[in-house]
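Protein chains in written order, with the working numbering: chain A, 12 to 200; chain B, 179 to 367. Each remark here refers to the structure printed beneath this line.
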């Protein structure tokens, strides 16, 4: 995502050019909806939330600091909305800096085991569908990182910036998320 | 050689493993079917996850967002506001002088007349200004509003330094108009 172009669009929006903000919306509506949709699991709600992300971004555009990536700032707004939603719905959530406990921390293998491969037995389309189902079963905070990494293609540094956590913590959690998805796929097969 | 850790296998898939470790791992993969299977399985899952289709955005989504946002208040620097106010005051003074039949110097020299004379001329002048402003308020207000809106839109697109240049030119034009009119109507001292 072209950062320089984003900065130009932000400056134009701040000068009152609504067309520039429209271009921002067009650029980010799809990646944001793809993220929010997988976080809340309801299309209409995801559309409302994505809409809300842009409205909030527009209202607080003056507080955006250009030394940070604009896309990162948008995803941070979206992530806060999603976490608020999880809390209101009393969905299980946890801080990524906390331990996952036995269930989470011990689920990942240190070295490869003798179990058969999971992915090979499925066609690509089927595997994609199964990954979507596996994501629904993944704890929210890990699902968020998995989607950012694979769907939105955010770097570990960008994710660390959004979550305000050390890079090592993020890398470790993404690793756990990937291994958990694989374990769910294995259970599904 | 012992098996590689799964974290390193992910680093290898993502291309972030050091060249030395990558070479070691590739050598190891040649002799270890377990690690080979682990790499292949995770590669397939990562590939499928990275090609998950984006969620479809409705055609009218951008319009819906844009309908919800209120225009950003364009922030002008204080000096620009002062300059604009000063030029407006100058223009208004010029209009009043022309309408009242008094020149600027005439008004100033009037201050040296007797106090009563000054009060009388000030009262006449105030009454004329009030009449003029009331009239202007009724007739010119819609026009001024339209001009203001037009200027707001224009200033959003014009660079601040260019705005200053335009203001200075406008002030010069008003001043030259004032002196030109004074000459024409023989209002000079």
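Glycine is no exception: its CB is placed at the ideal position from the N, C-alpha and C atoms.
Indicate whether residue 162(A) and residue 79(A) have their beta-carbon atoms separated by less than 8 Å.
-> The beta carbons of residue 162(A) and residue 79(A) sit no closer together than 8 Å.
Buried or exposed: residue 335(B), going by 16 or more other Cβ atoms within 10 Å of its Cβ?
-> Exposed, because fewer than 16 other Cβ atoms sit within 10 Å of the Cβ of residue 335(B).
Do you know whose CA, among 342(B), 350(B) and 351(B), lies nearest residue 256(B)'s CA?
-> Of the candidates 342(B), 350(B) and 351(B), the residue whose Cα lies closest to the Cα of residue 256(B) is 342(B).
May I ask you to report which of helix, strand or coil DSSP gives residue 236(B)?
-> Of the three classes helix, strand and coil, the one that applies to residue 236(B) here is coil, per DSSP.
Within the chosen definition, does the segment 139-146 of chain A reach the segment 172-183 of chain A through at least 3 CB pairs nearer than 8 Å?
-> Verdict: no, contact absent.
Helix, strand or coil for residue 263(B) per DSSP?
-> The answer is helix: DSSP assigns residue 263(B) an H, G or I state.
Among residues of its own chain, excluding the 5 on either side of residue 124(A), which ones have a beta-carbon nearer than 7 Å to its beta-carbon?
-> Hits under 7 Å: none found.
Out of 151(A), 133(A), 60(A) and 48(A), point me to the one whose CA is closest to residue 242(B)'s CA.
-> Selected option, being the one with the closest Cα: 60(A).
Proximity test, Cβ basis, 8 Å: residue 209(B) and chain A = For residue 209(B), the answer is no, since every Cβ of chain A falls outside 8 Å of its Cβ.
Report yes or no: is there a C-beta of chain A within less than 8 Å of the C-beta of residue 340(B)?
-> Chain A, which has no Cβ nearer than 8 Å to the Cβ of residue 340(B), makes this no.
Three-state secondary structure (DSSP) of residue 337(B) = Reduced to three states, the DSSP call for residue 337(B) is coil.
How is the alpha helix (DSSP H) around residue 180(A) delimited, first residue to last?
-> For residue 180(A), the enclosing alpha helix (DSSP H) covers residues 178-199.
Alpha carbon to alpha carbon, what distance is there between residue 294(B) and residue 300(B)?
-> Distance between the alpha carbons of residue 300(B) and residue 294(B) is about 10 Å.
Residue 135(A) lies in the alpha helix (DSSP H); which residues open and close that run?
-> Start and end: 135-148.
Under 8 Å between C-beta atoms, does residue 52(A) make it to chain B?
-> So, not an interface residue.
Between the C-alpha atoms of residue 62(A) and residue 239(B), what's the straight-line distance to the nearest angstrom?
-> Rounded to whole angstroms, residue 62(A) to residue 239(B) spans 8 Å at the Cα level.
Spell out whether any CB of chain A is found under 8 Å from the CB atom of residue 188(B).
-> Using a Cβ-Cβ cut-off of 8 Å, residue 188(B) counts as an interface residue toward chain A, since at least one Cβ of chain A sits closer than that to its own.
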